[in-house]
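Shown next, in structure tokens, is the structure this report addresses.
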Amino acid sequence: IRDRGIQHLAVYVDDMDAALARFQAAGGEVFSSPHELPALEKGPGNAFCYARAPWGTIIEFITYPSPQPYEQQTALRRWKPPERG
1 IRDRGIQHLA VYVDDMDAAL ARFQAAGGEV FSSPHELPAL EKGPGNAFCY
51 ARAPWGTIIE FITYPSPQPY EQQTALRRWK PPERG
């Protein structure tokens, strides 16, 4: 953990494998293969992965394409970027 400044930056991605491949090609270091999101965020395709940018910042890649349990109880939704196409 850093004493000052940012601890890590999270980035939502639509395609985890493609994002990690591009990150590595740009000089980033991926710490492990993606992990399933735990507990209430668990679902098919929901995953996260930590990596280090060439300048040292820790980046969390995250994706959650599967519905979340709370979506059955409210119209509110967790923000995710609009699809690009």
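For the sequence shown, counting from 1, position 70 maps to 70 in the UniProt record's numbering; every step adds exactly one.
Just so it is clear, CB atoms sit at the ideal spot from N, CA and C, and this is done for glycine as well.
Given the structure is predicted, the values throughout are model-derived calculations rather than measurements.
Query: Cα-Cα separation, residue 70 to residue 17; Result: 27 Å
Query: Runs of beta strand (DSSP E) wholly within the UniProt domain "VOC" (1 to 64) (minimum 3 residues, chain order); Result: 9 to 12, 47 to 52, 58 to 63
Query: Pair within 9 Å by beta-carbon distance, residue 8 and residue 60; Result: yes
Query: Span separating the alpha-carbon of residue 54 from that of residue 73; Result: 42 Å
Query: Cβ contact check for the stretch 45 to 52 and the stretch 20 to 37: 3 or more pairs under 8 Å; Result: yes
Query: Own chain partners of residue 78 with C-beta closer than 8 Å, once the 5 adjacent residues on each side are dropped; Result: 64, 68
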